[in-house]
Each structure stands twice: as C-alpha cells, then as structure tokens.
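*Asks:* Structure provided below as structure tokens; questions to follow.
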Amino acid sequence: MIEALRWVGGPLSAREVWLMGVGEPEYGTVAYHVKSLVDLGLLTHVASSPARGSVEKFHVPTRVA
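For reference, each letter of the sequence shown is one residue, going 1107 to 1171 in my numbering.
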C-alpha cells in the first residue's frame, strides 16, 4: 500500500488503493490495513471528502526525517 501511494505521488483513499488491485483482496481488508498504517504513523491523513453517505479519507506516506 505504501508503495502504491509513493508510485502515484499523491493522496489516495483506501477505496482507490483497493481499485488499483482490481478487488483483490476485499475492500474491508484494504481499509483495515490503511487504518493500521495510520495508527502506526506510516501514513498521514491529509483530506476527507463525502462519498455515498460516508466519508472518504485520503492519505499519503508519512515523511521520515
């Protein structure tokens, strides 16, 4: 996931990362791992957008000093 975010070079949501993999693994698995990477400090939340009754959160890799 971090490699995909670096490759794109801009913020992505869990849904967009999931779509890059054409549905494998399931979306819930991707969303869970994105949240885990945020909790570990490896991804940074940079924006939110309303999406179909929910909120889509966009992330970028955390910069390491």
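Where is the CB? At the ideal position from N, CA and C, for every residue including glycine. Everything numeric in this text was worked out from a predicted model, so none of it was measured.
If you follow the alpha helix (DSSP H) that L1125 is in, where does it begin and where does it stop?
*Replies:* 1120 to 1126
*Asks:* Applying the criterion that 16 or more other CB atoms from any shown protein chain within 10 Å of the CB defines a buried residue, is V1161 buried or exposed?
*Replies:* exposed
*Asks:* So, for V1152: in the same chain, excluding its five sequence neighbours on each side, which residues have a beta-carbon less than 6 Å away from its beta-carbon?
*Replies:* P1117, F1164, V1166
*Asks:* Does the Cβ-Cβ distance between A1120 and K1141 come in under 9 Å?
*Replies:* yes
*Asks:* In three-state DSSP terms, what is L1148?
*Replies:* The answer is coil: DSSP assigns L1148 none of H, G, I, E or B.
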